[in-house]
Structure formats: C-alpha cells, structure tokens
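Novice: In the working numbering, the protein residues as written are 1426 to 1533.
Quick reminder that beta carbons are idealized off the backbone N, C-alpha and C, glycines included.
None of the values given here were measured: they were computed from a predicted structure.
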C-alpha cells in the first residue's frame, strides 16, 4: 500500500473526520427538509429522518469505537438505535398489497 492510500485510510479512521461526515449528514437532512417544505415535493420527511438517522447512528457507533471515550456501551447503544431507525425506514418503504375489491373474483 502506498503512502497516499495509507494516509487516506488513517484519515477515515479518525474521530474528527467522522464528526465532519456527521455534520454533512445533518446538513443533508436540513436541505432535504427545507426543499420539501418549499416545494412540497421530494422525499417525505419521515423517510428522510429514518434513513439518515440509521446512517448517522452507525457513524456515531464507529466514532465511539474509534475514540474509546464512553466505552463500548455507547457504541452498542448507537448500534441499537441504528437498528430501530433502519426498521422504521423499512416500514415506511414497505409496499402494502392493494386491497381486493369485494364482489370480484381474485382471478382476472
């Protein structure tokens, strides 16, 4: 591995770099929510929040694991929150079958 690749790998594993990524995720959420508010289009707010919360919680878990501050309990808590946000995101995206009209056969 060359020095540039090693330097990038080292940068990605620094807690401060993860803080920068988390700030970018927060900025993305704000931009998407403002666009939705102004235009009425785009991704529904609940979907934006659930999706980005799952990713942010994974990043926070990584940050706690790298930093060592707070111990493994905080990393585990963030992983649990990431799971809850992921399940919420899936529930919001899950397509429900269309109801079958009464009086019609199910065969077409």
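Taking the C-alpha atoms as reference points, what is the distance between residue 1472 and residue 1494?
Specialist: Here residue 1472 corresponds to residue number 47 of the chain shown, with the count starting at 1. Here residue 1494 corresponds to residue number 69 of the chain shown, with the count starting at 1. Distance between the alpha carbons of residue 1472 and residue 1494: 31 Å.
Novice: For residue 1510, which residues from the same chain have a beta carbon less than 7 Å from its beta carbon, with the 5 sequence-adjacent residues on both sides left out?
Specialist: By one-based count along the chain shown, residue 1510 stands at place 85. Within the same chain, residue 1510 has close Cβ partners 1475, 1478, 1479 and 1482.
Novice: Roughly how many angstroms lie between the CA atoms of residue 1525 and residue 1456, to the nearest whole one?
Specialist: On the chain shown, position 100 is the one that residue 1525 refers to. On the chain shown, position 31 is the one that residue 1456 refers to. In a straight line, the C-alpha of residue 1525 is about 39 Å away from that of residue 1456.
Novice: By a C-beta neighbour count over all protein chains shown, 10 Å radius and 16 as the cutoff for buried, is residue 1512 buried or exposed?
Specialist: Walking along the chain shown from the start, residue 1512 turns up at place 87. When all chains shown are included, residue 1512 counts as exposed.
Novice: Measure the Cβ-Cβ separation of residue 1440 and residue 1491 and say whether it is below 8 Å.
Specialist: Working through the chain shown from its first residue, we reach residue 1440 at position 15. Working through the chain shown from its first residue, we reach residue 1491 at position 66. The answer is yes: Cβ separation under 8 Å.
Novice: If you count every other CB in all the chains shown that lies within 10 Å of the CB of residue 1523, and 16 or more means buried, which is it?
Specialist: By 1-based counting over the chain shown, the position of residue 1523 is 98. Exposed, by the Cβ-count rule.
Novice: At 4 residues or longer, and completely inside the stretch 1452–1531: list those alpha helix (DSSP H) runs for me, N to C.
Specialist: Counting only runs of 4 or more, we get 1470–1492 and 1496–1518.
Novice: I think residue 1458 touches residue 1470, with their Cβ atoms under 8 Å apart; what is that distance to the nearest whole Å?
Specialist: The sequence position of residue 1458 within the chain shown is 33, counting from 1. The sequence position of residue 1470 within the chain shown is 45, counting from 1. About 6 Å separates the two Cβ atoms, so the contact holds.
Novice: What does the Cβ neighbour count give for residue 1488, buried or exposed, with the cut at 16 atoms within 10 Å?
Specialist: Sequence index remark: in the chain shown, residue 1488 carries index 63 (1-based). Counting Cβ neighbours within 10 Å, residue 1488 comes out buried, since at least 16 surround it.
Novice: Taking C-alpha atoms, which residue in 1527, 1444 and 1468 lies nearest to residue 1517?
Specialist: Counted from its first residue, the chain shown places residue 1517 at position 92. When each option's Cα is compared against that of residue 1517, the closest is 1468.
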